[in-house]
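**Student:** Residues 1 to 359 (the working numbering) make up the sequence shown, in order.
Here a beta-carbon is modelled for each residue, glycine too, at the ideal position from N, C-alpha and C.
Questions regarding the structure given below will be posed in turn.
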Amino acid sequence: MLSLQSTVAVFASPGSWIESDAVEQCRQVAAFEGMVRVAGMPDLHPGKGAPIGAAMLSSLLYPHLVGSDIGCGIAVFPVSLKRVSPEQLARRFPDLDREPADDDPAWDEIDGEIPLGYRNGIGTVGRGNHFVELARVQTVFEPDGPLVKGRLVLIVHSGSRGLGERILRAHTELHGAKPTEEPEQYLEQHDAAVRWGSLNRRLIAARTLRAIGARPVAPIVDISHNLVEVRDGLYLHRKGAAPGDQGHVLIAGTRGTLSYLVAAHAGPEANWSVAHGAGRKMSRADALRRGKAKHTVQELRRTKLGSIVVCGDRQLLFEEAPTAYKRIEQVIADLTDHGLATPVAATAPLVTYKTKDRS
Numbered sequence: 001m002l003s004l005q006s007t008v009a010v011f012a013s014p015g016s017w018i019e020s021d022a023v024e025q026c027r028q029v030a031a032f033e034g035m036v037r038v039a040g041m042p043d044l045h046p047g048k049g050a051p052i053g054a055a056m057l058s059s060l061l062y063p064h065l066v067g068s069d070i071g072c073g074i075a076v077f078p079v080s081l082k083r084v085s086p087e088q089l090a091r092r093f094p095d096l097d098r099e100p101a102d103d104d105p106a107w108d109e110i111d112g113e114i115p116l117g118y119r120n121g122i123g124t125v126g127r128g129n130h131f132v133e134l135a136r137v138q139t140v141f142e143p144d145g146p147l148v149k150g151r152l153v154l155i156v157h158s159g160s161r162g163l164g165e166r167i168l169r170a171h172t173e174l175h176g177a178k179p180t181e182e183p184e185q186y187l188e189q190h191d192a193a194v195r196w197g198s199l200n201r202r203l204i205a206a207r208t209l210r211a212i213g214a215r216p217v218a219p220i221v222d223i224s225h226n227l228v229e230v231r232d233g234l235y236l237h238r239k240g241a242a243p244g245d246q247g248h249v250l251i252a253g254t255r256g257t258l259s260y261l262v263a264a265h266a267g268p269e270a271n272w273s274v275a276h277g278a279g280r281k282m283s284r285a286d287a288l289r290r291g292k293a294k295h296t297v298q299e300l301r302r303t304k305l306g307s308i309v310v311c312g313d314r315q316l317l318f319e320e321a322p323t324a325y326k327r328i329e330q331v332i333a334d335l336t337d338h339g340l341a342t343p344v345a346a347t348a349p350l351v352t353y354k355t356k357d358r359s
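This is the structure:
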């Protein structure tokens with residue numbers, strides 16, 4: 001553990017890729033009024049106004065530390081298919097850039113009302129690092145865990161879409177980056193956005209599973225990594241950091257690497273949190289520039305693992321290339337070495353959906 005000051009710690013080995021700008025952002029956040037402790041995860045990287053891959057404990061509630069994608073998280077669903085052709089299944093993925101029709105049978109899998117009645121973008125993935133991935137369980141480290149070697153899973157990474165942005169904007173237009181003076185009011189809307197994000201992942205999964213010929217089911221894991229938790233009268237802000245004391249967490253690699261299901265057991269020194277993914281090591285602009293110099297679009301649509309990438313946005317293909325991210329194996333090793341998590345299983349991608357390929 002690299003201790004930087006009394007309220008800041010980064011849980012990464014000296015050989016891990018941690019940008020100085022991200023560490024400086026942690027220091028800046030640590031100086032906020034009411035801040036108690038900042039914990040940086042091994043996927044730590046700079047964000048807009050706040051570090052990504054960090055958990056921040058404070059006596060005051062700062063909405064901008066969570067950001068606009070409130071409730072963003074990763075859910076894992078078992079898939080009842082045995083023999084698969086990635087090429088055929090890639091063509092059967094639904095258009096997850098558009099909302100489902102009112103008569104779409106996927107709605108049958110959703111119980112209750114849509115939080116806040118907000119329907120804009122429901123059932124869609126979104127851009128950025130969000131994705132839907134059909135994967136195979138490649139390795140099982142803990143035989144008693146929820147995943148079985150050789151079985152298929154659907155991994156859904158998405159959040160509250162425009163709802164979270166609307167909630168954050170309502171605060172920042174009045175108060176900027178200052179803490180909220182009405183935490184109960186913010187938390188009421190925040191909690192609705194977290195529920196919205198979970199419902200959205202389930203609806204996305206139901207649409208996808210039906211389209212590829214599998215039965216919609218409940219998730220094995222569904223954990224948000226952008227949220228606020230009230231803990232012993234304090235506010236624990238997580239920005240790209242998953243809860244580390246609520247059981248299993250899927251830590252996403254890239255579309256061209258493995259992802260890892262871990263048993264999380266982080267304590268107070270890490271703000272009860274673990275990493276949420278590999279973490280960027282290149283800005284989107286750098287990834288686009290370097291990627292275009294080294295790869296063609298067709299090369300990026302088939303990974304080194306042989307998996308297929310469905311993405312109709314050419315710029316996004318380069319921005320989200322596996323080389324733009326840190327090594328997921330190092331992130332998992334850092335979590336293990338610091339006693340924050342134990343690997344349970346590893347999944348290998350077969351089809352990764354980013355946006356609809358309309359060609």
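1. Would Gly-339 pass as a contact of Phe-318 if the rule is Cβ separation under 7 Å?
2. Does Gly-361 pass the burial test, meaning 16 or more other C-beta atoms within 10 Å, or should it be called exposed?
3. Could you tell me the alpha carbon to alpha carbon distance between Gly-164 and Arg-284, rounded to whole angstroms?
4. If you pair each beta-carbon of the segment 326-335 with each one of the segment 243-257, do three or more pairs fall below 8 Å?
5. At which residue ranges does the segment 275-359 contain complete beta strand (DSSP E) runs of 3 or more residues, listed in the order of the chain?
6. Using alpha carbons as the reference points, say which of Tyr-325, Arg-91 and Ala-75 lies closest to Ala-211.
7. Please state whether DSSP places Asn-226 in a helix, a strand or coil.
8. Please report the distance separating the alpha-carbon of Leu-4 from that of Ala-30.
9. Check the DSSP bridge columns for Leu-386 and list the partner residues they point to.
10. Tell me whether Glu-381 sits in a helix, a strand or coil according to DSSP, three-state version.
11. Using 7 Å as the threshold, is the C-beta distance between Asn-120 and Ser-158 below it?
12. Using a threshold of 7 Å, state whether the C-beta atoms of Arg-238 and Ala-55 are closer than that.
13. Based on the DSSP output, what are the partners of Leu-261 in its beta bridges?
14. Can you check which of these residues, Leu-81, Gly-15, Ser-13 and Met-41, is closest to Pro-216 by C-alpha distance?
15. For Phe-11, which beta-bridge partners are listed by DSSP?
16. Contact check, Val-8 vs Arg-27 under 8 Å by CB: the rounded distance?
17. When DSSP labels each residue in this structure, what does Asp-43 get in the three-state scheme?
18. Got a sec, what are the start and stop residues for the beta strand (DSSP E) Ser-80 sits in?
19. Going by beta carbon distance, what residues of the same chain come within less than 6 Å of Ala-12, once the five residues before and after it are set aside?
20. Quick check: the segment 107-127 against the segment 222-241, are at least 3 beta-carbon pairs closer than 8 Å?
21. Would you check if the distance between the CB atom of Val-76 and the CB atom of Val-221 is smaller than 7 Å?
22. For Gly-150, count neighbouring Cβ atoms within 10 angstroms of its own Cβ and tell me buried if that reaches 16, exposed if not.
23. What does the alpha-carbon distance come out to for the pair Tyr-260 and Ala-346?
24. Per DSSP, what are the beta-bridge partners of His-157 in this structure?
25. Asp-103 to Ala-266, Cα distance in whole Å?
26. What is the DSSP secondary structure of Thr-180, counted as helix, strand or coil?
27. Within 10 angstroms of its Cβ, does Gln-25 collect 16 or more other Cβ (buried), or is it exposed?
28. Strictly by DSSP, which residues pair up with Val-38?
**Tutor:** This is what the structure gives:
1. no
2. The structure shown has nothing for residue 361, since the chain only spans 1 to 359.
3. 22 Å
4. yes
5. 308-310 and 341-353
6. Arg-91
7. strand
8. Reliability of the predicted coordinates at Leu-4 is poor, the pLDDT of 46 falling under 50, and the value obtained from them is presented with this limitation in mind. Using only the alpha carbons, I get a separation of about 11 Å.
9. What is shown of the chain runs 1 to 359, which leaves residue 386 out entirely.
10. Any property of residue 381 remains undetermined from this structure, which presents the chain solely from 1 to 359.
11. no
12. yes
13. Leu-250 and Ala-345
14. Leu-81
15. Paired residue(s): none; Phe-11 is not in a bridge.
16. 6 Å
17. strand
18. First-last for Ser-80: undefined, no H or E at that position.
19. Ile-18, Pro-42 and Asp-334
20. no
21. yes
22. exposed
23. 4 Å
24. Ile-74 and Phe-131
25. 43 Å
26. coil
27. buried
28. Val-8 and Met-56
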